[in-house]
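*Asks:* Dropping the structure in here first, questions after.
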Amino acid sequence: MISALLIRRFWIIKNRLFTTLGLLLILPIFLNVVINLPFKRLVVNPLWNIPHEQWIYPGLTIIAVIMMMIPSVYRDLFDLRIHKKLLPSLALTPMSKSLYLYYFLITVLIETIVYTALVMAVYSVLIAPGFSLLDYLIMFPFFILFIALSANILITLSLVVDKTTLYNLLMLIFFLFIVFASGTVIEFEYFPEIIGNIFRYLPTGQIMQSLRMAMFSGVVNWLIFFSALVTIILWTYLNGLLFKKRLTK
């Protein structure tokens, strides 16, 4: 089943190859202009005492990849569902509906891994952070964790919400949260203490803090890493149950 989903994604991307490649080039440039350059002037003394380019590189990469991922989840689990093009056909298949969702998530992650590698290459040219190969290898697992967590959030919203207007509003809130409240762009120390602590201890904040700790301090917090992994696995399981329930309606 997963091979069929991968082949389907391949043909969709192939039919929109120039559009996809264009977005992979234009989106990082756009985010660099509207996020990186202004914040570089605003943040004079970074709290981590490291170059701004190195600090913001992981966050910009994550934001760009998540923006590329949203259409895949929207199309398959929201648009096709509310127009009753997805669920009726799946309801007739003998395959476990929860298993289908697991395969769908794996397919999305494989797709975003390719996007992540390409976006990292573009930002390495645009920002020139001066990372070593080891730095890139350290970042990659944390990127996958953050993207998998975000994919689960998107899947939950796509299965729960039935109104397009509400869905679009929630997508906007989700995007603003990723940009401003997850540690990708703004350090938690710049928020009021209570709000900063709330954002810091959310799974997204924990992953970003662990990523930068591993990169700039050489310390990997395995407890946070595996806690995030367990959270993703449990959330995927709950999404599978939710998906199955939606099929029975």
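Be aware that the sequence shown starts at 93, since it is given in our numbering, and climbs by one per residue.
Glycine included, every Cβ here is placed at the ideal spot set by N, Cα and C.
Residue 156 lies in the alpha helix (DSSP H); which residues open and close that run?
*Replies:* 144-165
*Asks:* Report all residues from its chain with a CB closer than 6 Å to the CB of residue 120; omit the five preceding and five following residues, and keep chain order.
*Replies:* Cβ neighbours of residue 120 beyond the five flanking positions: 156, 211, 214 and 215.
*Asks:* Alpha carbon to alpha carbon, how far is residue 219 from residue 149?
*Replies:* 8 Å
*Asks:* Nearest CA to the CA of residue 208: which residue from 158, 319 and 273?
*Replies:* 158
*Asks:* Looking at C-beta atoms only, is the number of pairs between the stretch 188-199 and the stretch 267-274 that lie closer than 8 Å three or more?
*Replies:* no
*Asks:* Would the stretch 168-178 count as touching the stretch 121-130 if we require 3 or more Cβ pairs under 8 Å?
*Replies:* no
*Asks:* Hey, could you find the ends of the alpha helix (DSSP H) residue 132 is sitting in?
*Replies:* 129-134
*Asks:* Out of 134, 147 and 273, point me to the one whose CA is closest to residue 309's CA.
*Replies:* 147
*Asks:* Taking residue 100 as the reference, which of 290, 203, 228 and 240 has the closest Cα?
*Replies:* 203
*Asks:* Indicate whether the contact test is met: 3 or more Cβ pairs, each with one atom in the stretch 238-246 and one in the stretch 97-114, closer than 8 Å.
*Replies:* no
*Asks:* Would you call residue 273 buried or exposed, if buried means 16 or more other Cβ atoms sit within 10 Å of its Cβ?
*Replies:* buried
*Asks:* Checking 7 Å against the spacing of the C-beta atoms, do residue 306 and residue 230 come in under that value?
*Replies:* yes
*Asks:* Can you check whether the CB of residue 152 is closer than 7 Å to the CB of residue 123?
*Replies:* Less than 7 Å divides the Cβ of residue 123 from the Cβ of residue 152.
*Asks:* Out of 285, 289 and 160, state which residue places its alpha-carbon closest to the alpha-carbon of residue 105.
*Replies:* Of the candidates 285, 289 and 160, the one whose C-alpha sits nearest the C-alpha of residue 105 is 160.
*Asks:* So is residue 289 buried or exposed if we call it buried at 16+ other beta carbons inside 10 Å?
*Replies:* exposed
*Asks:* Helix, strand or coil for residue 302 per DSSP?
*Replies:* helix
*Asks:* What residues in its chain sit with their C-beta under 8 Å from that of residue 291, if we drop five residues either side in the sequence?
*Replies:* 273, 274, 275, 280, 283 and 297
*Asks:* For the ligand GTP, is there any heavy atom lying closer than 6 Å to the beta carbon of residue 159?
*Replies:* Because no ligand of any kind appears in the structure shown, any question about the ligand GTP cannot be addressed here.
*Asks:* Can you check which of these residues, 312, 164 and 103, is closest to residue 250 by C-alpha distance?
*Replies:* 164
*Asks:* If you count every other CB in all the chains shown that lies within 10 Å of the CB of residue 224, and 16 or more means buried, which is it?
*Replies:* exposed
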